[in-house]
Amino acid sequence: MHILVNGAAHDVCATTLAQALDALGYRRAIVATALNGAFVPTDHRDTTALAEGDALEILAPMQGG
């Protein structure tokens, strides 16, 4: 399936957000996710379905002041 991840095109063999994160190497990372502009909480990633052309944003926390 073709999706956009942080603005870049990717092909993934995933049907859920959790599977896509695993395929993209974010399995254990602490990240925030948004799908098509809507925030997706961690506990909803297993049940959030992906569709062709979806836009996924993956954001890592930053430290500093």
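Counting in the working numbering, the final residue of the sequence shown is number 230, and the numbers go up one at a time with none missing. Glycine included, C-beta positions come from ideal geometry on N, C-alpha and C. This structure is a prediction, so every number in the text was calculated from the model and none was measured.
Outcome for G183 when other beta-carbon atoms lying within 10 angstroms are tallied against a minimum of 16: It should be noted that the sequence gives Ala, not Gly, for residue 183. It counts as buried.
Three-state class that DSSP yields for T219 in the structure shown: For the sequence presented, residue 219 should be read as Asp rather than Thr. DSSP places D219 in coil when its eight states are reduced to three.
Within 7 Å, strictly: CB atoms of A194 and V177: No. Outside cutoff.
Bridge partners - V170, DSSP secondary structure assignment: Paired residue(s): A173 and L221.
Beta-bridge partners of V196, as assigned by DSSP: Its beta-bridge partners do not exist; DSSP assigns none.
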